[in-house]
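Asker: Numbered according to the working numbering, the sequence shown spans residues 257 to 388.
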Amino acid sequence: GLYPFATLLLLLTDHQSLSPFLSAGSNSTDKMNLERVSNEDKLNLCRKYYLGGFALLPFLWLVNVVWFFREAFMKPQFSEQPQIKKYVKWSGVGLLLWIAVLTTWISIYQTFRPIWGAVGDYISFTIPLGIP
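#1: Taking C-alpha atoms, which residue in N320, T382, N289 lies nearest to K350?
#2: By how many angstroms is the C-alpha of L318 removed from the C-alpha of I340?
#3: DSSP state of Q366, grouped into three classes?
#4: My understanding is that F324 touches C302, with C-beta atoms under 8 Å, so please give their C-beta distance in whole angstroms.
#5: Out of Y365, W372, Y343, P338, point me to the one whose CA is closest to V322's CA.
#6: Pull up the distance between the alpha-carbon of S380 and that of G308, whole angstroms please.
#7: State the start and end residues of the unbroken alpha helix (DSSP H) segment that holds G308.
#8: L316 to P332, Cα distance in whole Å?
#9: Using the Cβ count rule (16 or more neighbours within 10 Å means buried), how would you classify A328?
#10: Grouping DSSP H, G and I as helix and E and B as strand, with all else coil, what is I379?
The following block contains the structure:
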């Protein structure tokens, strides 16, 4: 199942490497706080999420775009910003590509599953009930 991907995600973002980014909230939940870390640490985390997206984890690209968009495009210029900007842009491109591929596959599968017969059922996790 997803165990290898979850392990990879934990290796990419272990709690010790994230500890400078997390600050305890008033209701004991952790919140991301990029203001408290150096620009070099921001770049390292941004790079980890970018590379993690290639491990068939496109949601990491979404997280990368959401977390680092402001750092890449709205903050005053700093030395690591061009690299962060590059990772954020390519994370967005990868995410859009994944969305396009997944939407295309879902459309094709939903349209042609009944025509494919048993093959269409074999590649499904659940077999829809009713008339195709």
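Just so it is clear, CB atoms sit at the ideal spot from N, CA and C, and this is done for glycine as well.
Answerer: In short, the structure shows the following:
#1: It should be pointed out that residue 350 corresponds to Gly in this sequence rather than to Lys. Comparing Cα positions, the closest option is N320.
#2: Cα to Cα, the separation comes out at about 14 Å.
#3: It is helical.
#4: In this structure F324 touches C302 by the C-beta definition: roughly 5 Å separates them, less than 8 Å.
#5: Nearest of Y365, W372, Y343, P338 to V322, Cα basis: Y343.
#6: Taking the Cα positions, S380 is about 27 Å away from G308.
#7: Annotation for G308: the continuous alpha helix (DSSP H) segment containing it runs 295-308.
#8: Whole-angstrom Cα-Cα distance: 25 Å.
#9: Result: buried.
#10: Of the three classes helix, strand and coil, the one that applies to I379 here is coil, per DSSP.
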